[in-house]
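S.K.:
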Amino acid sequence: TVTQEGNSIRVSYRNRGGWSDDIEFNITVPAVYSLDIKTSAGDIDLTGNITGNIKLNTSGGDIETKSITGNLDAYTSGGNVKPGNVSGVANIKTAGGNIVTGNIGGDANFSTSGGNISIGNMAGAVKLSTAGGDIVAGTVNGTSVIKTSGGNINIVAIKGNSNVSTAGGSISVGATTARLEARTSGGDLYINSLGSDANLKTSAGEVTVKFSPSNTGNVSIKNSAGDVKLVFPGSTKATVQATITAFGWDMEDDEVIRSDFPGTVDRRGGKVITRTAVNGGGGATVTVDLDMGTLSLKKN
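Here our numbering is used: the sequence shown runs in plain steps of one and ends on residue 316.
1) Going along the chain, which residues of its own chain have a beta-carbon closer than 6 Å to the beta-carbon of N101, five neighbours each way excluded?
2) In terms of alpha-carbon separation, which member of S275, T259, P99 and S103 lies closest to G86?
3) Report yes or no: do three or more beta-carbon pairs, one from the region 137-157 and one from the region 172-187, lie closer than 8 Å?
4) For the beta strand (DSSP E) containing S181, list its first residue and its last residue.
5) Return helix, strand or coil for E268, following the three-state DSSP convention.
6) Would you kindly report the start and end of the unbroken beta strand (DSSP E) that includes Y49?
7) Locate the beta strand (DSSP E) running through F227, then write down its first and last residues.
8) Put S212 into one of helix, strand or coil per three-state DSSP.
9) Reducing DSSP to helix, strand and coil, say where T255 ends up.
10) Please name the residue in N114, V116, Y91 and G95 whose C-alpha comes closest to that of I108.
11) Any chance the region 278-290 sits against the region 244-255, with 3 or more Cβ pairs inside 8 Å?
12) Using the Cα positions of V244 and I289, report the straight-line distance between them to the nearest angstrom.
13) Measure the Cβ-Cβ separation of T323 and G221 and say whether it is below 9 Å.
14) Have a look at T218 and A254 and give me their C-alpha separation to the nearest angstrom.
15) For N179, collect the residues of the same chain with a Cβ closer than 6 Å to its Cβ; drop the 5 residues on either side in sequence, then sort them by chain order.
16) Inspect the beta-carbon positions of L311 and S275 and report whether they are closer than 9 Å.
17) When the Cα atoms are used, what is the spatial distance from K143 to V18?
18) Going by DSSP in three states, K315 sits in which element: helix, strand or coil?
19) If you draw a straight line from the alpha carbon of E21 to that of V27, how long is it in whole angstroms?
20) With a threshold of 16 other CB atoms inside 10 Å of the CB of G296, please say whether the residue is buried or exposed.
21) Keeping to the same chain, check which residues put their C-beta closer than 6 Å to that of A293; ignore five residues upstream and five downstream.
22) According to the Cβ coordinates, are D59 and D89 closer than 9 Å?
23) Can you tell me which residues form a DSSP beta bridge with R26?
So, in structure tokens, the structure goes:
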């Protein structure tokens with residue numbers, strides 16, 4: 017049935033009972049057009065670029081679009097969602113599939129109960145959540161909360177205050193210029209260029225952080241079972257205060273701390289405490305709390 021309601025065109029089909037019909041709608045609309053599409057059991061595919069606000073909902077299929085100049089709301093109970101670039105706000109939810117998108121020009125709110133999330137660059141505030149998959153993201157320009165209960169997280173760059181966490185995987189970030197909170201219960205932490213305040217925690221893994229020469233922030237690192245490696249390229253300055261619970265009291269200092277920079281080392285009640293002024297000190301203030309691992313301070 018095709019009906020006109022004001023400025024809207026409604027295309028609908030209702031099954032009258034009996035055997036399920038296999039119905040496919042191929043609808044051509046202008047390039048500038050807002051859409052609200054719903055289906056109880058099937059895929060939704062927008063084959064051309066479109067300007068307008070788009071709402072897509074299916075209870076049992078995939079959703080795929082090209083580039084959208086406008087906002088996007090997409091929901092499926094059992095499929096993948098694959099839009100192209102979205103210039104505005106994007107709200108996407110799937111109960112059992114992957115989310116793969118291009119760049120998002122506004123806020124992004126994505127969630128999946130059982131799949132991976134892959135997203136390009138994001139200009140606005142970001143919330144990404146998956147209960148059982150990996151998250152791969154480009155540059156995050158706004159504030160963000162990025163979380164997975166069972167996978168790895170890989171982010172190209174963070175330019176807005178961010179909270180990143182995984183209960184069972186590793187976290188890798190290319191570069192940061194805004195505060196980063198990163199936590200994993202069972203994986204490695206890797207930051208290629210830390211240029212901001214940070215609070216980094218892992219319960220079982222290795223932590224590797226390369227500091228940006230411009231970093232003058234406060235950095236806290238806690239590792240309950242693994243090594244910590246801090247890299248200070250060139251003339252990068254920092255002051256590092258570390259408390260290390262060693263494997264045994266008979267371990268030599270250089271078995272617990274491996275440093276390219278001079279510093280002081282004390283032993284107190286089974287702990288090794290070190291203070292190091294990297295390249296004369298200044299720059300970032302770094303506090304390390306390390307259990308059962310080795311601390312490395314390297315030039316490169």
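Cβ atoms here follow ideal geometry from the backbone N, Cα and C, with glycine treated the same way.
M.R.: This is what the structure holds:
1) Translated into the one-based positions of the sequence shown, residue 101 becomes position 85. S83, G118 and N119.
2) As a working note, residue 86 is residue 70 in the sequence shown. Taking only the C-alpha atoms, the option nearest G86 is S103.
3) yes
4) As a working mapping, residue 181 is identified with position 165 in the sequence shown. Segment S178 to T182, the beta strand (DSSP E) holding S181.
5) Walking along the sequence shown from the start, residue 268 turns up at place 252. In the structure shown, E268 sits in coil (DSSP, three-state: anything other than H, G, I, E or B).
6) For this step, residue 49 is matched to residue 33 along the sequence shown. Where Y49 is concerned, there is no enclosing beta strand (DSSP E), given that its DSSP letter is neither H nor E.
7) For this step, residue 227 is matched to residue 211 along the sequence shown. F227 -> beta strand (DSSP E) spans V223 to F227.
8) Numbered from 1 along the sequence shown, position 196 holds the residue referred to as residue 212. S212: coil per DSSP, three-state reduction.
9) Taking the first residue of the sequence shown as position 1, residue 255 is located at position 239. It is a strand residue.
10) Position 92 of the sequence shown holds residue 108. It is Y91 whose Cα lies nearest to the Cα of I108.
11) no
12) Taking the first residue of the sequence shown as position 1, residue 244 is located at position 228. Taking the first residue of the sequence shown as position 1, residue 289 is located at position 273. One C-alpha to the other measures close to 14 Å.
13) Nothing in the structure corresponds to residue 323, since the chain is present only between 17 and 316.
14) If you number the sequence shown from 1, residue 218 lands on position 202. If you number the sequence shown from 1, residue 254 lands on position 238. Rounded to whole angstroms, T218 to A254 spans 22 Å at the Cα level.
15) In the sequence shown, residue 179 corresponds to position 163, counting from 1. Cβ within range, chain order: V161 and E197.
16) Residue numbering aside, residue 311 sits at position 295 when the sequence shown is read from its first letter. Residue numbering aside, residue 275 sits at position 259 when the sequence shown is read from its first letter. Against a cut-off of 9 Å, the Cβ pair of S275 and L311 comes out as a contact.
17) Numbered from its first residue, the sequence shown carries residue 143 at position 127. Numbered from its first residue, the sequence shown carries residue 18 at position 2. Near 38 Å, if we compare the C-alpha coordinates of V18 and K143.
18) Against the sequence shown, residue 315 aligns to sequence position 299. Three-state result, K315: coil.
19) Here residue 21 refers to the residue found at position 5 when the sequence shown is read from its first residue. Here residue 27 refers to the residue found at position 11 when the sequence shown is read from its first residue. Their Cα atoms are separated by approximately 11 Å.
20) As a working note, residue 296 is residue 280 in the sequence shown. That one is exposed.
21) As a position in the sequence shown, residue 293 is number 277, starting the count at 1. These residues qualify, in order along the chain: T255.
22) For the purposes of this step, residue 59 is identified with residue 43 of the sequence shown, where counting begins at 1. For the purposes of this step, residue 89 is identified with residue 73 of the sequence shown, where counting begins at 1. Their beta carbons are not under 9 Å apart, which means D59 does not touch D89 by this criterion.
23) Numbered from 1 along the sequence shown, position 10 holds the residue referred to as residue 26. Paired residues: T19.
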